[in-house]
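Report on the following structure.
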Amino acid sequence: MSSWRALLLRVGDKCPEYGGSVDYKDHIVGISERWYSGSALLRLDTVLGQILCRVFHLVAINSSFPVIAATHYLCYKNFVCDRWPIPLESCYSVLSEEMKHVTVRSQNLITLKMKYRVLLTWISWILLQLLLQCAEQLPHKIPFYSVLVGLINLENEDFGKDVVDAIHSKLQDALLSENCDKIRISLRFLTALDLPGSISSVIEVFETLLSSALLTIDEEAGNLSWQPCADFYVTCILSSLPWGGTELIEQVPEEFDRVIVQIQSYLLVRKRSYDNSFTAFETDGDKSVTEKDFLEDLWDRIQALSSNGWKVDSVPRPHLSFEEQLVTGKSYSLPHISCPKQSATSQSTISREKDNYEVKLKYPQRLRRLHIFPSSKTELKDSQNQNDVSVKATNIDSRKECASYMASLPVSFRYEYLMAETIFSQLMFLPQPPFRPIYYTLVIIDLCKALPGAFPAVVAGAVRALFDRIADLDMECRTRLILWFSHHLGNRLTEEWWHEDFWREGGGAKLLVKERMVKGLTIWEMEDQQPVEFRKVMDVMDVGSNFQYFWPWEEWAHVKDLPRWAPQRVFVQEVLEREVRLSYWDKIKQSIENAPALEELLPPKSGPNFKYNSEDDQGYALSRELRIMIRGRKTAREISPWVEENIIKVHGPKFALEVVIQTLLDIGSKSFTHLITVLERYGQVITKLCAAQDMQVLLIDEVSSYWKNSTQMTAIAIDRMMGYRLICNLAIISWVFSLPNIEQFHVSDRPWEVLRNTINKTYNRIADLRKEIQTLEKGVSIAEETASKALKEFEAADARLEVVDGQPVQAEKPGRLKRLKGYAEKAKEEEVSVRESLEAKEALFARALEENKILFVSLYKSFTNVLMERLPPVSDNGDLPKLRPEKIDAMSVDLEEPPSMEVDHDNGQKDESENNGERVTHSYDIKEQDQWCLCTLGYLKAISRQYATEIWPHIETLEAEIFSEDTHPLIKKAVLSGLCRKMVEL
1 MSSWRALLLR VGDKCPEYGG SVDYKDHIVG ISERWYSGSA LLRLDTVLGQ ILCRVFHLVA
61 INSSFPVIAA THYLCYKNFV CDRWPIPLES CYSVLSEEMK HVTVRSQNLI TLKMKYRVLL
121 TWISWILLQL LLQCAEQLPH KIPFYSVLVG LINLENEDFG KDVVDAIHSK LQDALLSENC
181 DKIRISLRFL TALDLPGSIS SVIEVFETLL SSALLTIDEE AGNLSWQPCA DFYVTCILSS
241 LPWGGTELIE QVPEEFDRVI VQIQSYLLVR KRSYDNSFTA FETDGDKSVT EKDFLEDLWD
301 RIQALSSNGW KVDSVPRPHL SFEEQLVTGK SYSLPHISCP KQSATSQSTI SREKDNYEVK
361 LKYPQRLRRL HIFPSSKTEL KDSQNQNDVS VKATNIDSRK ECASYMASLP VSFRYEYLMA
421 ETIFSQLMFL PQPPFRPIYY TLVIIDLCKA LPGAFPAVVA GAVRALFDRI ADLDMECRTR
481 LILWFSHHLG NRLTEEWWHE DFWREGGGAK LLVKERMVKG LTIWEMEDQQ PVEFRKVMDV
541 MDVGSNFQYF WPWEEWAHVK DLPRWAPQRV FVQEVLEREV RLSYWDKIKQ SIENAPALEE
601 LLPPKSGPNF KYNSEDDQGY ALSRELRIMI RGRKTAREIS PWVEENIIKV HGPKFALEVV
661 IQTLLDIGSK SFTHLITVLE RYGQVITKLC AAQDMQVLLI DEVSSYWKNS TQMTAIAIDR
721 MMGYRLICNL AIISWVFSLP NIEQFHVSDR PWEVLRNTIN KTYNRIADLR KEIQTLEKGV
781 SIAEETASKA LKEFEAADAR LEVVDGQPVQ AEKPGRLKRL KGYAEKAKEE EVSVRESLEA
841 KEALFARALE ENKILFVSLY KSFTNVLMER LPPVSDNGDL PKLRPEKIDA MSVDLEEPPS
901 MEVDHDNGQK DESENNGERV THSYDIKEQD QWCLCTLGYL KAISRQYATE IWPHIETLEA
961 EIFSEDTHPL IKKAVLSGLC RKMVEL
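With the UniProt record's numbering as the guide, the letters of the sequence shown map in order to residues 1 to 986.
So this is what it looks like as structure tokens:
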């Protein structure tokens, strides 16, 4: 179906509304003519012709073969499974041969016509699905697709009805499954179909959604917790009006006015929504209280559009060219749609707030734009193009297709800034982006390849703008930005990495490294075995990276003079540390040679810090003896008594822990595989030494000490030890909140990375158990059904009698009865086995939930204790302390690129920065104590938001044990904000 898909994707690309000069009328007419032409359908796609021939061939061989079943089976194999071994024979020759046979057998002529109609029905259905898919991925072309449906409807009325029914079905399914993107696009498509007259009116759908919305916010009969859902319904209606407002006013003026009045009534009754919990910039939360929310802003835009006669320059109106034809087409009434029923209002305040949080996640209010560029570069004459760019970045699973569509968006204005801001807004979307962060990394890379003259400079401008506001950026967003930026600078292109020509040109060194990579050796192993050749190959490979680790670091060299807790300095420091992980230390040092001052921010050269390198060190002899035992393949059972007799009894358990852990880590330091092997073989030795939680904390201290020069290896080692149950999550929390780590909260991501990994691993265990329980529950149902069926079959056979010589005797043979009885017993045993597995998993799940509860209680206690010691007190009149000054000396925000990265306006003139290129003196006026409080509160809010679904079931326990009246209001504010709870008491 590639040819049809190409036709539909290209329709309207060069129309005047999109900055072109090509008339789209001939294109639409051509597609519609090909659509209902039977001969053209056969010539359109080889696969369709092959299917047709194959069905005729099957029926010719066996006249009793059901034609409908054959058609269904073959079409399913080709278009659903996308595989079927059809021989590549000439479509027309086979078809002609079959027609000759049918001529001889004239009695089959009627059957042949029926078969042909069935096939055309299948072909129309397949093309209909393709049309709907194109509309979902290219929603800005929906006006063209609606006109195409109207023209085909003139020749084939069944097709028009099928389209209306299909879209109605998609809308109904989307409402029930709460799929916001499909609801919005389906409603837009229905509104556009009203223009060519394919449907009677979309007003009934609008009124159904409005009735549901008004009922939701009714204080007596509704459920105010579900207001985000009601707001979303109204938003979808308002967003659809620019695509058909003019025609709706002309065709059904009274009904349209009724819809507008209902929207006005809804806006008067609803409560203004403040979405402070999900703002990327901390300072934006206070502004939104006095500003209009997203729905009020959209309503103002729609009113302005209405006063302008509903004229939107960027929305094409192709139906005007076919009015005389379309007016004769048949219209279809839309079946009634039903909105999902909402749960009853809970009497508990916590339950209502929890319901409201879950609804907010299901029905996000909008894409919260970062506004990192001047409004002149991102604000369009209407909001539809902004929505279309957003849809492309959220509604296309394939990152290559997403980048391709965004790079070729047919619009008459420059949208690189809007595109970049949309991608970064989604990357920073809270609480979770629509896709994994790596998706946006790859989309940005593909767009830089597709638009090399413009987009890389815009991305660089976005990075600079975010860097200038890094102090106000949410801690979770700051972490994502660090990970993305370091990956973007150092990401090697895998296509070049594994291309045969790439390896062939590199000679023996490249082939050597490739051979070892295929063997599964790690970077450290390859570098250790052939350091010279390895460096040469890495240098060549880095040429394939996106920016070759290039960045004008001299622009940020000033951060070295900032206080060590300044967010900009910490950002540069963390980016360099992440880059070293992706490459190696010397390479990154070379990349910042234009800014030698930044060398101070580079992490130490990665390497172990073994305590027993000298014979003068206490414990050197014991460590050497233990190393000899391990190299001699001594087992854990043999080593444990030796540790007990020679170290613990003489020097004590703490010294024994130090010697054993330092020695094991040193043996496992060569590679990740070595570390895993050591932990697997000698984990029992560690378990005996670290049975108590305080000993586990000391164990983590030893890991941190040994890998003090490598944050990455520290996090990996702790994570693996937790995976092998050598240390518990409570011990890790105690270590993170120990004094040495507390002092790093605002200057390093090291303790926070370990904490994130710990909570993630605990959460993943629960998620995995949930999936396993769901699978086992389905298995129990199947096992019950199988056992019941087998038992009934055995009982029926056992009860079956026959009369022999006047006496009732067993009708079934004894062998078959024995076999059926065995089947029934085996099925029952399998049912019991699955039930036992389910009960075991449920017990593990209950235990995991209890551990999760204890984890969060301990976590919040630790946060509360350290923050209560350092937060400034509340004033006597109840005012909260101001951690941020009212006005900080602003750092110059240079949104324009340097001369090498300048981006011209449409008129060819270059932008000039507001300060004519002069930069303000860089400084940071927040004190270290206040910055520590800001960072710790920011992480507290981020953790509460990210794991809110797991925290909500324990909220009553947390309130009773931790968040008492004496708790500092700023701590409560951070937690409540992360959980999207109201902060009225503050």
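The beta-carbon is built from N, C-alpha and C at its ideal position, and this holds for glycine as well. Computed from a prediction, not measured in an experiment: that's the story for all the values here.
(request) Please say whether VAL697 and ALA731 have beta carbons closer to each other than 7 Å? (result) As a working note, residue 731 is residue 731 in the sequence shown. As a working note, residue 697 is residue 697 in the sequence shown. Contact flag set, yes.
(message) If you follow the beta strand (DSSP E) that VAL804 is in, where does it begin and where does it stop?
(response) Position 804 of the sequence shown, counting from 1, holds the residue named residue 804. Unbroken beta strand (DSSP E) run through VAL804: 801-804.
(request) Give a yes or no on contact between the region 550-561 and the region 569-576, applying the rule of three or more CB pairs nearer than 8 Å. (result) yes
(request) Measuring alpha carbon to alpha carbon, tell me which of MET428, LEU442, ARG414 and TYR363 ends up nearest LYS400. (result) For this step, residue 400 is matched to residue 400 along the sequence shown. The shortest Cα separation from LYS400 among MET428, LEU442, ARG414 and TYR363 belongs to LEU442.
(request) Determine the DSSP secondary structure at LEU138, reduced to helix, strand or coil. (result) As a working note, residue 138 is residue 138 in the sequence shown. Three-state result, LEU138: coil.
(message) Classify VAL803: buried if its beta carbon has 16 or more other beta carbons within 10 angstroms, exposed otherwise.
(response) Numbered from 1 along the sequence shown, position 803 holds the residue referred to as residue 803. When all chains shown are included, VAL803 counts as exposed.
(request) Could you spell out where the alpha helix (DSSP H) holding VAL809 opens and where it closes? (result) The residue given as residue 809 occupies position 809 in the sequence shown. That residue, VAL809, is in no alpha helix (DSSP H); its beta strand (DSSP E) goes 807-810.
(request) Taking only the alpha-carbon atoms, compute the straight-line gap between ILE766 and LEU838 and give it to the nearest angstrom. (result) Within the sequence shown, residue 766 is the residue found at index 766, counting from 1. Within the sequence shown, residue 838 is the residue found at index 838, counting from 1. When rounded, the distance between both Cα atoms is 15 Å.
(request) Following the continuous alpha helix (DSSP H) through ASP162, name the residue where it begins and the one where it ends. (result) As a position in the sequence shown, residue 162 is number 162, starting the count at 1. From DSSP, the alpha helix (DSSP H) with ASP162 extends over 157-177.
(request) Give the DSSP bridge partners of TYR612, in chain order. (result) By one-based count along the sequence shown, residue 612 stands at place 612. TYR612 is not bridged to any residue.
(message) Which same chain residues end up closer than 6 Å to LYS982 when comparing Cβ atoms and leaving out the 5 residues on each side of it in sequence?
(response) The residue labelled residue 982 in the question sits at position 982 within the sequence shown. None.
(request) Assign ILE350 to buried or exposed, taking buried as 16 or more other Cβ atoms, counted over all protein chains shown, within 10 Å of its Cβ. (result) Reading the sequence shown from its first residue, position 350 is the one you call residue 350. By the 10 Å Cβ count, ILE350 comes out exposed.
(message) Output needed for ASP966: all residues of its chain with C-beta closer than 6 Å, excluding positions within five of it in sequence on either side, in chain order.
(response) In the sequence shown, residue 966 corresponds to position 966, counting from 1. Closer than 6 Å at Cβ, skipping near neighbours: no residue.
(message) Comparing C-alpha positions only, which one of HIS371, GLY652 and ALA691 sits nearest to ALA465?
(response) Residue mapping note: residue 465 aligns to position 465 of the sequence shown, counting from 1. The shortest Cα separation from ALA465 among HIS371, GLY652 and ALA691 belongs to HIS371.
(request) Tell me where the alpha helix (DSSP H) around CYS728 begins and ends. (result) For the purposes of this step, residue 728 is taken as residue 728 along the sequence shown, with counting starting at 1. That residue, CYS728, is in no alpha helix (DSSP H); it is neither H nor E in DSSP.
(message) Output needed for residue 996: all residues of its chain with C-beta closer than 7 Å, excluding positions within five of it in sequence on either side, in chain order.
(response) Residue 996 cannot be examined here, being either before or after the span of the chain that is shown, 1 to 986.
(message) Given this structure, state the Cα-to-Cα distance separating VAL261 from LYS292, to the nearest angstrom.
(response) The residue you call residue 261 lines up with position 261 of the sequence shown. The residue you call residue 292 lines up with position 292 of the sequence shown. Cα-Cα distance, rounded: 20 Å.
(request) Flag this pair as yes or no: are the beta carbons of ARG884 and PRO431 separated by less than 7 Å? (result) Along the sequence shown, one-based indexing puts residue 884 at 884. Along the sequence shown, one-based indexing puts residue 431 at 431. Against a cut-off of 7 Å, the Cβ pair of PRO431 and ARG884 comes out as no contact.
(message) So the candidates are PHE610, THR711 and TYR860; which of them puts its Cα closest to the Cα of ILE661?
(response) As a working note, residue 661 is residue 661 in the sequence shown. With distances taken between Cα atoms, ILE661 lies closest to PHE610.
(request) Report the rounded CA-to-CA distance for LEU689 versus MET713, giving the unit in angstroms. (result) Reading the sequence shown from its first residue, position 689 is the one you call residue 689. Reading the sequence shown from its first residue, position 713 is the one you call residue 713. So the two alpha carbons sit approximately 22 Å from each other.
(message) Under DSSP, the alpha helix (DSSP H) around ILE955 begins and ends at which residues?
(response) In the sequence shown, counting from the first residue as 1, residue 955 sits at position 955. 955-961 is the extent of the alpha helix (DSSP H) around ILE955.
(message) On a Cα-Cα basis, can you pick out the residue from ILE667, LEU427 and VAL736 that is closest to PHE278?
(response) Sequence index remark: in the sequence shown, residue 278 carries index 278 (1-based). The candidate whose alpha carbon is nearest that of PHE278 is LEU427.
(message) Considering only their Cβ atoms, is the gap separating LEU665 from TYR706 smaller than 7 Å?
(response) Within the sequence shown, the letter at position 706 stands for residue 706. Within the sequence shown, the letter at position 665 stands for residue 665. Yes, they are a contact pair.
(request) Pull up the CB-CB distance for residue 1045 and LYS605, whole angstroms please, since I reckon it's below 8 Å. (result) Any question about residue 1045 goes unanswered here, given that the chain covers just 1 to 986.
(request) For LEU871, name the three-state secondary structure that DSSP assigns. (result) Here residue 871 is taken as the residue at index 871 of the sequence shown, counted from 1. Coil, per DSSP.
(request) Enumerate in chain order the residues of its own chain whose CB-to-CB distance from THR864 is below 7 Å, with the five nearest sequence positions on each side excluded. (result) By one-based count along the sequence shown, residue 864 stands at place 864. Contacts found: ILE962, THR967 and ILE971.
(request) Use the C-beta contact count for ARG633: other C-beta atoms within 10 angstroms, 16 or more gives buried, fewer gives exposed. (result) Translated into the one-based positions of the sequence shown, residue 633 becomes position 633. ARG633 comes out exposed.
(request) Would you identify the three-state DSSP class for residue 995, choosing helix, strand or coil? (result) Residue 995 cannot be examined here, being either before or after the span of the chain that is shown, 1 to 986.
(request) State the Cα-Cα distance for the pair LEU979 and TYR357, rounded to the nearest angstrom. (result) Start at 1 with the first residue of the sequence shown, and residue 979 comes out as number 979. Start at 1 with the first residue of the sequence shown, and residue 357 comes out as number 357. For LEU979 and TYR357, the distance between alpha carbons rounds to 7 Å.
(request) Go to GLY683, then tell me how far its alpha helix (DSSP H) extends in each direction, as first and last residue. (result) Here residue 683 refers to the residue found at position 683 of the sequence shown. Looking at the DSSP string, the run of the alpha helix (DSSP H) that includes GLY683 is 672-689.
(message) Quick check on the burial criterion: 16 or more other C-beta atoms within 10 angstroms. Buried or exposed for GLU282?
(response) Translated into the one-based positions of the sequence shown, residue 282 becomes position 282. By the 10 Å Cβ count, GLU282 comes out buried.
(message) Just to confirm the assignment, what range does the alpha helix (DSSP H) spanning GLU579 have?
(response) Here residue 579 is taken as the residue at index 579 of the sequence shown, counted from 1. Unbroken alpha helix (DSSP H) run through GLU579: 567-582.
(message) Considering only the alpha carbon of each residue, which of PRO433, PRO374, GLY453 and GLY668 lies closest to ALA462?
(response) Looking up residue 462 in the sequence shown gives position 462. Of the listed residues, the one whose Cα sits closest to ALA462 is PRO374.
(message) Quick check on LEU481: buried or exposed, where buried means 16 or more other Cβ atoms within 10 Å of its Cβ?
(response) Residue 481 sits at position 481 when you count from the first residue of the sequence shown. LEU481 should be labelled buried.
(request) Measure the alpha-carbon distance for GLN573 versus CYS935 and round it to whole angstroms. (result) Looking up residue 573 in the sequence shown gives position 573. Looking up residue 935 in the sequence shown gives position 935. Taking the straight line from one Cα to the other gives about 16 Å.
(request) Ignore the nearest five residues each way along the sequence and tell me which others in GLU577's own chain have a CB closer than 6 Å to its CB. (result) In the sequence shown, counting from the first residue as 1, residue 577 sits at position 577. Within the same chain, GLU577 has close Cβ partners PRO603.
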